Amino acid sequence: MSYHFLLDLALILLSTKILGLIAQKFQMPQVVGALIAGLILSPAGLGLLSETEFTKQLSELGVIVLMFSAGMGTDVNELKHSGKAGFMVAVLGVVVPFLMGTALAWGADELGLIESTGFIENIFIGTILTATSVSITVETLKEMKKLETKVGNTILAAALIDDVLGLIALTLVCSLAGGDESIGMVLLKIVGFFAFAFVVVFGANRIFCWMLKRQHGWASHRNSVFAFVLCLVMAYCAEEFFGVADITGAYAAGLAVACTPKGTYIQTKYNPLGYLLLTPVFFASIGINVQITGLTGGMVVFSILLLLVSIISKLLGCGLGAKACQFTTRESIQVGVGMACRGEVALIVANRGLSMGVLSPAMMTPVVITVVCGTILTPILLKLSFRGHQETELVQNNIADRMAKHRQLDIITQQLLQQDEQLMKKN
Numbered sequence: 024m025s026y027h028f029l030l031d032l033a034l035i036l037l038s039t040k041i042l043g044l045i046a047q048k049f050q051m052p053q054v055v056g057a058l059i060a061g062l063i064l065s066p067a068g069l070g071l072l073s074e075t076e077f078t079k080q081l082s083e084l085g086v087i088v089l090m091f092s093a094g095m096g097t098d099v100n101e102l103k104h105s106g107k108a109g110f111m112v113a114v115l116g117v118v119v120p121f122l123m124g125t126a127l128a129w130g131a132d133e134l135g136l137i138e139s140t141g142f143i144e145n146i147f148i149g150t151i152l153t154a155t156s157v158s159i160t161v162e163t164l165k166e167m168k169k170l171e172t173k174v175g176n177t178i179l180a181a182a183l184i185d186d187v188l189g190l191i192a193l194t195l196v197c198s199l200a201g202g203d204e205s206i207g208m209v210l211l212k213i214v215g216f217f218a219f220a221f222v223v224v225f226g227a228n229r230i231f232c233w234m235l236k237r238q239h240g241w242a243s244h245r246n247s248v249f250a251f252v253l254c255l256v257m258a259y260c261a262e263e264f265f266g267v268a269d270i271t272g273a274y275a276a277g278l279a280v281a282c283t284p285k286g287t288y289i290q291t292k293y294n295p296l297g298y299l300l301l302t303p304v305f306f307a308s309i310g311i312n313v314q315i316t317g318l319t320g321g322m323v324v325f326s327i328l329l330l331l332v333s334i335i336s337k338l339l340g341c342g343l344g345a346k347a348c349q350f351t352t353r354e355s356i357q358v359g360v361g362m363a364c365r366g367e368v369a370l371i372v373a374n375r376g377l378s379m380g381v382l383s384p385a386m387m388t389p390v391v392i393t394v395v396c397g398t399i400l401t402p403i404l405l406k407l408s409f410r411g412h413q414e415t416e417l418v419q420n421n422i423a424d425r426m427a428k429h430r431q432l433d434i435i436t437q438q439l440l441q442q443d444e445q446l447m448k449k450n
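In the numbering used here, the protein residues as written are 24 to 450.
As structure tokens, then:
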């Protein structure tokens, strides 16, 4: 047995953290640094690392945990009360990018810019563009003190619904790509999965509440273990029995945990598992799989067009949704720009297509370029859209408060540890 994987793992963790911190200095998410680290270490870079079965499986586990955490971070009550504006922005923000992305891939193939493997790959490109990651937008709006405004509230509400709609689109496309079954059978399996998920989520929620009652309201490690078991079982069942993406099952399991009284507490137990090991490996593996060698001029042109379409499609779709809800033209543009960042969500979708063989490895290069450049451009465009715009009306924003909870918990934990250390020194 070779133990070289330990050295590979150490190299991935060290490089992703260093470059992640450098990316953070330039006000970019650490995801960008992890991608660049994978690219530098890849066969296309220094050639220090290549994908192995170990990193592939660890990466798959990483994306499952990411989607499980995303499910736990979804406030179902806020999803119900997101309002007409959030719903309209999310729906058009999924439909328009999907259609424009599919049309772009089909047109590029017809013009000879890329060599598409067929219709499924074209619609997978469209599915990638439906994704939204608003973490950069949230930080930018916080900095400008615009998060708790009508625009900020709409962006956060729409992002919640966007995640669910994008996951449904991914489920449908993955099911279509999974075999030669008819559309009717694919839809039947999807409906069957969601019925199965509803029953399991309801049952798991009752079990969680029963366990918490027996523990007098205190969550313990057994709750976290049970939650992770539920995640893995749901992911397996989704893939094995329904032909649905395993990350859909993981997200459904996360929703079950989110509905429990201690959902936020249980979620905090998985944050270390993500950032200490699984998340860096997943994003580094994306960079490792990027193929720069043999990059043609047509592919470069397609990469630029994909970046432009990724921004314009969200601007049009989400902007039209906001305009239909009586937003001003400027506010509509602000909402569209705020929803334009793709981030880790697009990478998760792309990685799913790559693992299924639907998305060719060469197509990962345009996707990574779109994610990185979109991450850089979104804060710049957002600040330009708010320039000279004075908006003093604040809106109560429970979604923003929920997003801030984890940071507050980290601060409180650190303070308690410091106090404990001081008491130990005194004694």
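Don't be surprised by glycine CBs; every beta carbon is placed ideally from N, CA and C.
Here the structure is a predicted model, which is why all the values come from computation and not from measurement.
**OP:** Could you check the C-alpha separation between residue 122 and residue 397 for me, to the nearest Å?
**Re:** Rounded to whole angstroms, residue 122 to residue 397 spans 19 Å at the Cα level.
Original post:
Cα separation between residue 150 and residue 268?
Top reply: If you draw a straight line from the Cα of residue 150 to the Cα of residue 268, it is about 14 Å long.
Original post:
My guess is that residue 345 and residue 57 are in contact by the Cβ rule of under 8 Å, so how many angstroms apart are they, rounded?
Top reply: Actually they do not touch by this definition, with Cβ atoms about 32 Å apart.
Original post:
In its own chain, which residues sit with a C-beta less than 6 Å from the C-beta of residue 250, not counting the 5 before and 5 after it?
Top reply: 280 and 289.
Subject >> Rounded separation between residue 30 and residue 75 - CA only >> reply: For residue 30 and residue 75, the distance between alpha carbons rounds to 13 Å.
Original post:
For the alpha helix (DSSP H) that residue 239 lies in, which residues bound it at each end?
Top reply: Here residue 239 belongs to no alpha helix (DSSP H), and DSSP marks it neither H nor E.
Original post:
What three-state label does DSSP hand residue 168 in the structure shown?
Top reply: Look at residue 168 here: in three-state DSSP terms it is coil, with no helix or strand label.
Original post:
Buried or exposed: residue 408, going by 16 or more other Cβ atoms within 10 Å of its Cβ?
Top reply: Buried.
**OP:** Grab me the residues of residue 45's own chain with a C-beta within less than 7 Å of its C-beta, minus the 5 sequence neighbours each way, in chain order.
**Re:** Exclusion of the five residues before and after residue 45 leaves 56 as the residues of its chain whose Cβ lies within less than 7 Å of its Cβ.
Original post:
Is it right to say residue 352 is buried, meaning 16 or more other beta carbons lie within 10 angstroms of its own, or is it exposed?
Top reply: Classification for residue 352: exposed.
**OP:** Leaving aside the five residues before and after residue 145 along the sequence, list all residues of the same chain whose C-beta is less than 8 Å from its C-beta, in chain order.
**Re:** If you ignore the 5 residues before and after residue 145, its C-beta comes within less than 8 Å of the C-beta of 125, 128, 129, 132 and 139, all in its own chain and listed in chain order.
Original post:
Touching or not, the segment 174 to 181 and the segment 352 to 364, by the rule of three or more beta carbon pairs under 8 Å?
Top reply: With a cut-off of 8 Å, the segment 352 to 364 and the segment 174 to 181 count as touching, because enough Cβ pairs lie within range.
Subject >> Limits of the alpha helix (DSSP H) - the one that residue 262 falls within >> reply: 244 to 264 is the span of the alpha helix (DSSP H), which, as asked, contains residue 262.
Original post:
Can you tell me the Cα-Cα spacing of residue 372 and residue 238, whole angstroms?
Top reply: Straight-line spacing of the CA atoms in residue 372 and residue 238 works out to 39 Å.
**OP:** Using alpha carbons as the reference points, say which of 384, 394, 296 and 275 lies closest to residue 333.
**Re:** If we check each option's Cα against that of residue 333, 394 comes out closest.
Subject >> residue 94 and residue 259 closer than 8 Å at C-beta >> reply: The Cβ atoms of residue 94 and residue 259 lie no closer than 8 Å to each other.
Original post:
So residue 181 packs on residue 341, CB below 8 Å; how close in whole Å?
Top reply: Indeed they touch by this definition, with Cβ atoms about 7 Å apart.
Original post:
What residue from 106, 28 and 168 has the CA that sits closest to residue 453's CA?
Top reply: Because the chain spans 24 through 450 in this model, residue 453 falls outside it and cannot be assessed.
Subject >> Buried versus exposed, by CB contacts within 10 Å (16 or more), residue 442 >> reply: Around the C-beta of residue 442, fewer than 16 other C-beta atoms lie within 10 Å, and the residue is accordingly described as exposed.
Original post:
With distances taken between CB atoms, is the gap from residue 91 to residue 298 smaller than 8 Å?
Top reply: Judged by beta-carbon spacing, residue 298 lies beyond the 8 Å limit of residue 91, meaning their Cβ atoms are not closer than that value.
Subject >> Heavy atom of the ligand COA within 7 Å of residue 245 beta-carbon >> reply: The ligand COA is not part of the structure shown, which contains no ligands of any sort.
Original post:
How far does the alpha helix (DSSP H) with residue 341 in it reach, from first residue to last?
Top reply: The continuous alpha helix (DSSP H) containing residue 341 extends over residues 320 to 347.
**OP:** May I have the straight-line CA-CA distance separating residue 319 from residue 70, to the nearest angstrom?
**Re:** Distance from the CA of residue 319 to the CA of residue 70, rounded to the nearest whole angstrom, comes to 21 Å.
**OP:** Would you check if the distance between the CB atom of residue 253 and the CB atom of residue 284 is smaller than 8 Å?
**Re:** No, the Cβ-Cβ distance between residue 253 and residue 284 is not below 8 Å.
Original post:
If we count the other Cβ atoms within 10 Å of its Cβ and call it buried at 16 or more, is residue 357 buried or exposed?
Top reply: It counts as buried.
Original post:
Any idea what DSSP makes of residue 132, helix, strand or coil?
Top reply: Three-state result, residue 132: helix.
Original post:
Apart from the five residues just before and just after residue 375, which ones in its own chain have a Cβ nearer than 8 Å to its Cβ?
Top reply: Excluding sequence neighbours, residue 375 sits near 86, 193, 197, 268 and 270.
Subject >> Buried or exposed by the 16-neighbour rule on C-beta atoms within 10 Å, applied to residue 365 >> reply: Under this definition residue 365 is a buried residue.
Subject >> Span separating the alpha-carbon of residue 43 from that of residue 208 >> reply: In a straight line, the C-alpha of residue 43 is about 44 Å away from that of residue 208.
Original post:
For the alpha helix (DSSP H) that contains residue 353, what are its first and last residues?
Top reply: Counting along the chain, the alpha helix (DSSP H) containing residue 353 begins and ends at 352 to 361.
Subject >> Secondary structure of residue 292, DSSP reduced to three states >> reply: Of the three classes helix, strand and coil, the one that applies to residue 292 here is coil, per DSSP.
Original post:
Does the separation of the CB atoms of residue 313 and residue 67 fall below 8 Å?
Top reply: Yes, Cβ-Cβ distance for residue 313 and residue 67 is below 8 Å.
Original post:
Can you give the Cα-Cα distance for residue 160 and residue 336, rounded to whole angstroms?
Top reply: Approximately 17 Å, taken between the alpha carbons.
Subject >> Distance between residue 79 and residue 417 (C-alpha atoms, nearest Å) >> reply: Only weak support is given to the placement of residue 417: the predicted model assigns it a pLDDT of 49, under 50, and the value that follows is read from those uncertain coordinates. Between residue 417 and residue 79, the C-alpha separation is close to 46 Å.
Original post:
Exposed or buried, what is residue 148 when buried is set at 16 or more other beta-carbons lying within 10 Å of its beta-carbon?
Top reply: Burial call: buried.
Original post:
Can you give the beta carbon distance from residue 65 to residue 368, rounded, assuming they're within the 8 Å contact cut?
Top reply: Not really, about 22 Å apart at Cβ, beyond 8 Å.
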